[in-house]
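For the sequence shown, the positions run 842 to 1177 when the working numbering is used.
Report on one structure; see the data block that follows.
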Amino acid sequence: MNISFLGGPRPQRGVGVVAPFDFALDRELWRWAPDQVSLHLTRTPFVPVEVSLDLARLVSEHETLREATHTLRAVSPEVVAYACTSGSFVGGLAGERAMCAAMAQAGEIPALTTSGALLEALAEIGARRIALVTPYTASVTQSLEEYLAEGGVTVTDREFLGLTCHIWKVSYRSVVEMARRAVTHGADALFISCTNLPTYDAIPQLEAELRMPVLSANQVTMWSALRRIGERAVGPYQALLDPVARRGPASMTASPPVSPAPPPQAVPPAPSAVLPESPGAAEVLGGPGGLGPVVPFGDGRGEPEAAFAGAGAETEAADALDAPLYPDDPAGPAPL
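In structure tokens form, the structure reads like this:
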């Protein structure tokens, strides 16, 4: 059969990704990638250490990153990203820059890290004071705050889970509840750390509810990598990626009154979905699922709104928040 007239396949642009050995969210990274971009992932070698500052140092050794980047050269990516937040902030600003230099030398292409992409994204949206959500222990969270301070960013408040393994099993519900607790002291934006923490569907919901840009580790990694090659990440209603969304959460204050005259009868807003109290340890490791329909900018003026549609939607949304990350395999990936 002669199929020469069909042409194709469509040329693909490659983004190389070096991930830690326990990274389990390949599928989430792909959601930010446009159709014409392929992700080429490789992982660092396994080490029998729980998530900690020690592990962060082990998975970010320069020789490890060089070897991982060198293997990606076989598929000719145009840029390489080290998709690990703790591994790229543990050495401070100087350590992060040295990692980029080591990877760029090994791959002979531009290189970036998640922590470097975070500072780049914060500069992009003009945020200098942020609320922080992490799945880490207190010591790892503190190290992230020190890195941010070195980069001129103030952490107004933080929430952390204290986990040392299986972070990819954390549910969207837990992420949303932590975010609500963290935003209390006039932050410009919220950052959700760790590339193993699911966030894609939670970002629009949180931006609409908290009225501020919400960044996540995987989001800023993909945004920065794609930006390097002149491509745009796919993220509807995410302020960092969507120009329409950027005009909404960027303004964090309510609209001023139109005149000093008595205002018209206010129409009470529709009640938002109320999630239960913070789950115990067993519930935290649930699975992201979805958040239901989100309409962050329904009034056409960039004012964020969140809405769950249909009768019984609150119950459906709450159930969806605890849906497993891997629907075809409820047990998820095999534990480390």
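Note that the Cβ used here is the ideal one computed from N, Cα and C, for glycine as well.
Next on the checklist: Only counting the same chain, and skipping five residues up and downstream in sequence, which positions put a Cβ closer than 6 Å to that of residue 927?
Outcome noted: 897, 981
Next on the checklist: According to DSSP, residue 881 sits in a beta bridge with which residue or residues?
Outcome noted: 857
Item to check | residue 853 versus residue 884: straight-line alpha-carbon distance, rounded | outcome: 22 Å
Checklist entry - So residue 866 packs on residue 1036, CB below 8 Å; how close in whole Å? => result 7 Å
Item to check | Pick from 1074, 1078, 1065, 1073 that is closest to residue 962, judged by C-alpha positions | outcome: 1065
Item to check | Selection from 1074, 1062, 1054, 1063 that minimises the alpha carbon distance to residue 1080 | outcome: 1054
Item to check | Inter-residue spacing [alpha-carbon to alpha-carbon] between residue 909 and residue 924 | outcome: 12 Å
Checklist entry - In the DSSP assignment, what are the bridge partners of residue 864? => result Bridge partners of residue 864: none, in fact.
Item to check | C-alpha gap between residue 913 and residue 855, whole angstroms | outcome: 10 Å
Checklist entry - Looking at C-beta atoms only, is the number of pairs between the stretch 937–946 and the stretch 1007–1026 that lie closer than 8 Å three or more? => result no
Next on the checklist: Does the beta-carbon of residue 1044, which I'm using as the reference point, lie nearer than 8 Å to any heavy atom of the ligand MG?
Outcome noted: The model on display carries no ligand, and the ligand MG is accordingly not part of it.
Checklist entry - On the three-state DSSP scale, how would you describe residue 1041? => result coil
Item to check | Beta-carbon spacing of residue 1073, residue 951 below 9 Å | outcome: no
Checklist entry - What separation, rounded to the nearest whole angstrom, lies between the Cα atoms of residue 956 and residue 1025? => result 24 Å
Next on the checklist: Which of the three DSSP states is assigned to residue 1199 in this structure?
Outcome noted: The structure shown has nothing for residue 1199, since the chain only spans 842 to 1177.
Next on the checklist: To the nearest angstrom, how far is the alpha carbon of residue 916 from that of residue 1060?
Outcome noted: 23 Å
Checklist entry - Is the CB of residue 1051 under 9 Å away from at least one CB in chain B? => result Here chain B cannot be found, since the structure has a single protein chain.
Checklist entry - What separation, rounded to the nearest whole angstrom, lies between the Cα atoms of residue 1155 and residue 936? => result Here residue 1155 scores only 42 on pLDDT, less than 50, and its place in the model is too uncertain to base an answer on.
Next on the checklist: Counting C-beta neighbours from all protein chains within 10 Å, is the total for residue 1048 16 or more, i.e. buried, or is it exposed?
Outcome noted: buried
Checklist entry - Who are the near neighbours of residue 901 in its chain, counting only those whose CB is closer than 8 Å to its CB and skipping five residues on each side? => result 923, 925, 928, 929, 931, 932, 936, 940
Checklist entry - Quick one: complete alpha helix (DSSP H) runs, 4+ long, within the stretch 981–1045? => result 1013–1023
Checklist entry - CA-CA distance, residue 977 and residue 850? => result 43 Å
Checklist entry - Roughly how many angstroms lie between the CA atoms of residue 992 and residue 848, to the nearest whole one? => result 49 Å
Checklist entry - Where does residue 1057 fall in DSSP's three states? => result strand
Next on the checklist: Could you tell me the alpha carbon to alpha carbon distance between residue 1067 and residue 1044, rounded to whole angstroms?
Outcome noted: 19 Å
Next on the checklist: Rounded to whole angstroms, what is the Cα-Cα separation between residue 1111 and residue 860?
Outcome noted: Since pLDDT at residue 1111 reaches only 46, below the 50 mark, its modelled position is unreliable, and the value read off the structure follows with that caveat. Looking at the two C-alpha atoms, the distance is approximately 42 Å.
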